[in-house]
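Asker: The numbering of the sequence shown is our numbering, which starts it at 91 and goes up by one. For each residue, glycine too, the CB sits at the ideal point set by N, CA and C. Pasting a structure below so you can have a look.
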Amino acid sequence: EGVQFDDHSLGSLVIPWSKIIAFRLAEVSVEKPRTIQATIPIQIRTIDRSHIHAQIVQIDSKSATFIRSTGQQCQISLDRIIDIHFTLGRIVNLAQREPIAVEEGAPATAWFPWTWKKNRNVLGNPIQIGGVIYEQGLGVHSRSRLTYSVEDGDQFLTGIAGMDISSRPPDEQDGIGCAEFHIFVDGKELWDSGILSWKSPGSSFRIPVEGAEKFTLLVDLGPGHHILDRANWAQIRIIRK
């Protein structure tokens with residue numbers, strides 16, 4: 091419909107797209123900002139691709155409340171948020187680390203040009219699952235097995251597994267563009283996604299790794315062999331102590 095503005099005193103205002111040439115959002119400095127009691131810095135990424143730098147106040151089942159640098163307290167519904175990054179050094183993007191072992195390739199063929207990539211899908215484009223674009227993660231093609239060491243202080247492995255939007259077949263044939271995701275810790279399978287297709291939403295996971303030596307990310311073939319099996323480990327991160 092257009093751009094909607096909400097104000098506590100003025101209410102809601104919608105400006106139609108036909109009347110908009112461009113707009114720019116900027117923080118307004120204040121001479122005497124209010125004292126910020128929140129102490130945890132965060133970065134919020136929303137579905138409209140905005141990036142918000144703030145201090146967290148509270149996160150509940152419905153919304154996130156935070157304080158901007160101006161001292162203004164704001165609240166955003168969780169259904170508008172893609173992710174919240176806590177900038178305390180406790181969260182490490184897995185793309186910052188190197189795997190200790192890599193196995194890639196399709197059965198019965200020596201030709202396999204789709205090597206895994208950091209912060210891109212396997213074709214070198216932005217990682218996208220459904221309608222959501224992720225800035226960070228790993229792009230792979232089945233069959234793919236990446237193994238990483240667990241470092242002292244690592245507690246959890248978190249992320250979203252899903253098929254890249256580029257895995258959609260032109261004729262939308264069933265069984266094509268499908269794969270299955272697995273996570274192993276010290277050789278023991280702790281999570282699997284089941285078969286995910288290009289139609290499937292991302293499947294989130296949170297796996298304990300504290301005290302382990304290594305973990306493995308496996309993307310296995312789907313029903314259509316390896317055709318268009320372009321898979322993503324989106325926003326995959328290590329949570330540290």
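So, at 7 Å on beta carbons, what are the nonlocal neighbours of residue 325 in its own chain, with the 5 sequence-adjacent residues on each side left out?
Answerer: Translated into positions along the sequence shown, residue 325 becomes position 235. If we look at residue 325 and ignore the five residues flanking it on each side, its Cβ neighbours are 173, 224, 226, 227, 249, 250.
Asker: Spatial neighbours of residue 221 within its chain, please: CB distance less than 7 Å, with the 5 preceding and 5 following residues excluded, ordered by chain position.
Answerer: Counting from one through the sequence shown, the residue named residue 221 turns up at place 131. Contacts found: none.
Asker: Just verifying my parser: in three-state terms, what is the DSSP assignment at residue 293?
Answerer: For this step, residue 293 is matched to residue 203 along the sequence shown. DSSP places residue 293 in strand when its eight states are reduced to three.
Asker: Any idea which residues DSSP pairs residue 324 with across the strands?
Answerer: The residue you call residue 324 lines up with position 234 of the sequence shown. Residue 324 pairs with 227, 250.
Asker: How close, in whole Å, do the beta carbons of residue 232 and residue 312 come, if the pair is a contact with beta carbons under 8 Å?
Answerer: Taking the sequence shown and counting its residues from 1, the one referred to as residue 232 is at position 142. Taking the sequence shown and counting its residues from 1, the one referred to as residue 312 is at position 222. Sure, about 7 Å apart at Cβ, within 8 Å.
Asker: Quick test of your reading: residue 209 and residue 185, contact by CB under 8 Å. State the CB separation rounded to the nearest angstrom.
Answerer: Numbered from 1 along the sequence shown, position 119 holds the residue referred to as residue 209. Numbered from 1 along the sequence shown, position 95 holds the residue referred to as residue 185. Right, the Cβ-Cβ distance comes to about 5 Å (below 8 Å), so this counts as a contact.
Asker: For residue 124, which residues of its own chain have a beta-carbon under 6 Å away from its beta-carbon, when the five flanking residues on both sides are left out?
Answerer: Here the question's residue 124 lines up with position 34 in the sequence shown. In this predicted model, residue 124 has a pLDDT of only 47, less than 50, meaning its place in the structure is not dependable enough to derive any value.
Asker: Using 10 angstroms around the beta-carbon of residue 321, count the other beta-carbons present and answer buried if the total reaches 16, otherwise exposed.
Answerer: Mapped onto the sequence shown, residue 321 falls at position 231. When all chains shown are included, residue 321 counts as buried.
Asker: What is the DSSP secondary structure of residue 184, counted as helix, strand or coil?
Answerer: Position 94 of the sequence shown, counted from the start, is the residue given in the question as residue 184. Residue 184: helix per DSSP, three-state reduction.
Asker: Here's the rule I'm using: 16 or more other beta-carbon atoms within 10 Å means buried, otherwise exposed. How should residue 288 be labelled?
Answerer: Within the sequence shown, residue 288 is the residue found at index 198, counting from 1. Buried: at least 16 other Cβ atoms inside 10 Å.
Asker: In chain order, what are the residue ranges of uninterrupted beta strand (DSSP E) at least 3 long that sit wholly in the region 148-178?
Answerer: Taken in chain order, the complete beta strand (DSSP E) segments of 3 or more residues contained in the region 148-178 are 153-157, 163-167, 171-176.
Asker: Given that a residue counts as buried once 16 or more other Cβ atoms are within 10 Å of its Cβ, and exposed if not, what is residue 150?
Answerer: Indexing the sequence shown from 1 puts residue 150 at position 60. Exposed is the call here.
Asker: Since residue 104 sits in a beta bridge, which residues does DSSP pair it with?
Answerer: Here the question's residue 104 lines up with position 14 in the sequence shown. Note: residue 104 sits in a beta bridge opposite 94.
Asker: Please name the residue in 142, 242, 307 whose C-alpha comes closest to that of residue 252.
Answerer: As a first step, residue 252 is located in the sequence shown; it is residue number 162 there, counting from the start. Minimum Cα distance to residue 252 is reached at 307.
Asker: In the DSSP assignment, find the beta strand (DSSP E) that holds residue 232 and state where it starts and stops.
Answerer: Within the sequence shown, residue 232 is the residue found at index 142, counting from 1. Counting along the chain, residue 232 sits inside no beta strand (DSSP E), nor does DSSP assign it H or E at all.
Asker: How big is the Cα-Cα spacing for residue 294 and residue 175?
Answerer: Position 204 of the sequence shown holds residue 294. Position 85 of the sequence shown holds residue 175. About 16 Å.
Asker: Just how far apart, CA to CA, sit residue 156 and residue 143?
Answerer: Within the sequence shown, residue 156 is the residue found at index 66, counting from 1. Within the sequence shown, residue 143 is the residue found at index 53, counting from 1. The alpha-carbon atoms of residue 156 and residue 143 are separated by roughly 9 Å.
Asker: Can you give me the start and stop residues for the beta strand (DSSP E) that residue 256 sits inside?
Answerer: Counting from one through the sequence shown, the residue named residue 256 turns up at place 166. No beta strand (DSSP E) holds residue 256; DSSP gives it neither H nor E.
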